Amino acid sequence: MTRRIAFQGEPGAYSHAACQEARPGFEALPCRSFDDVIAAVRSGEAEQAMLPVENSTYGRVADIHRMLPESGLHIVDEAFVRVHISLMALPGVQIEEIETVRAHLVLIPQCASFLARYGIKGEAAADSAGAAAELARTGPRSVGALASDLAAEIYGLDILARHIEDHAHNTTRFLIMSREADKSRRAEKMITTFVFRVRNIPAALYKAMGGFATNGVNMTKLESYMVGGSFTATQFYADIEGHPEDPNVALALDELSYFTTDLTILGVYPADPGRQ
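When the count follows this note's numbering, it moves up by one through the sequence shown with no breaks and lands on 335 for the last residue.
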């Protein structure tokens, strides 16, 4: 059977490109929403899910942190993917003919310098790959799209300019998730991701974090977000370096449990080289 990995968006989306880069042997399955991606894996329609969790320019992806603990899935890998933006148009169109480009709202400001140089206006679309698909179907010669090279390939568009983003560091971190956890792997650097809620006692978060410092465990991410719309119920999302079976990590997590009402490990997986 063909192995499948589900992603949110149209064919040619950056999540689709991430699937091809990180899981070249898998068939990529496009889904309408993040909920649909998770449902595809839970139902067995797909073996894994590719979910964007944060971007180096725009921060964390809305709703993902809330969805992960409730998904019933486990993180088995991470992938850091550079976001390269290309300007594409109908076959035969020259860049001087382009008056307007369509793309997802977050892509347009990332190409502000290039668009200003050519006097091109940006127009927001629901989805960048979708804008490329629509352009291929009905677009006039004066309209272009900002999307991935993969989108141009899929929809038969010409690439007029590559890598036109203003900042060379724009990178999205994806989490690859599966129905089953895999804690058996070992690598030079492992990452453990978990969520927790602290007890309602003074300085609970400070005390909870103390075990990581005293046991020499490096915490690379700690974010908080509200639970159930309440201003008093806060859940924390954390990434640490190490495996739960490492003696120092085990001690730190054990100390953390004294100050939490809930502690759930979402995944244990090798660190992606893109972290460097």
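A virtual CB, placed ideally from N, CA and C, is assigned to each residue, including glycine.
In this text, all values refer to a predicted model and were calculated from it rather than measured experimentally.
Just to confirm the assignment, what range does the alpha helix (DSSP H) spanning Gln-79 have? 73 to 81
How should Leu-234 be labelled, buried or exposed, when 16 other C-beta atoms within 10 angstroms of its C-beta is the threshold for buried? buried
Just reading off the beta strand (DSSP E) that Ile-324 is part of, what are its end residues? 319 to 329
Rounded to a whole number of angstroms, what is the C-alpha to C-alpha distance between Ser-201 and Leu-216? 14 Å
Where does Ile-260 land, buried or exposed, given buried means 16+ other C-beta within 10 angstroms? exposed
Go through the stretch 238 to 287 residue by residue and report every complete run of the alpha helix (DSSP H) that reaches 4 residues or more, in order. 263 to 273
Ala-250 versus Thr-279, Ala-263, Thr-273, residue with shortest Cα-Cα distance: Before going further, note that residue 250 is Ile rather than Ala in the sequence given. Checking every option, the nearest Cα to that of Ile-250 belongs to Thr-279.
Keeping to the same chain, check which residues put their C-beta closer than 7 Å to that of Ile-170; ignore five residues upstream and five downstream. Note on residue identity: the sequence assigns Cys, not Ile, to residue 170. These residues qualify, in order along the chain: Ile-144, Leu-205, Ile-223, Glu-224, Asp-225.
Which same chain residues, not among the five before or five after Thr-323, have their C-beta less than 7 Å away from its C-beta? Pro-128, Phe-253, Val-254
Local Cβ density within 10 Å of Val-308, reported as buried at 16 or more and exposed below that: buried
State the Cα-Cα distance for the pair Ser-130 and Phe-66, rounded to the nearest angstrom. 15 Å
Taking just the CA atoms, how far does Thr-159 sit from Met-268? 50 Å
Could you tell me which residues DSSP puts in a beta bridge with Ser-145? Ala-206
In this structure, what does DSSP give as the bridge partners for Gln-294? Tyr-284
Identity of the residue in Val-165, Ile-218, Met-109 nearest Gly-118 by Cα: Val-165
Mapping the DSSP letters down to three states, classify His-133 as helix, strand or coil. strand
Sequence ranges, alpha helix (DSSP H) only - wholly within the stretch 61 to 126, length at least 4: 73 to 81, 93 to 102
Using only CA atoms, which one of Ile-134, Ile-213, Phe-271 lies nearest to Tyr-328? Ile-134
Around the C-beta of Pro-89, are 16 or more other C-beta atoms found within 10 angstroms, so that it is buried, or is it exposed? buried
Taking C-alpha atoms, which residue in Glu-155, Gly-151, Ala-108 lies nearest to Asp-136? Ala-108
Let me know if Asp-298 comes out buried or exposed under the rule of 16 or more other beta-carbons within 10 Å of its beta-carbon. buried
Please name the residue, chosen from Ala-72, Cys-78, Met-126, that lies closest to Asp-94 on a Cα-to-Cα basis. Met-126
Given a threshold of 16 other Cβ atoms within 10 Å of its Cβ, counted over all protein chains shown, does Thr-273 qualify as buried or as exposed? exposed
Below 8 Å between beta carbons: does that hold for Gly-301 and Ala-188? no
Who are the near neighbours of Asp-122 in its chain, counting only those whose CB is closer than 7 Å to its CB and skipping five residues on each side? Phe-93
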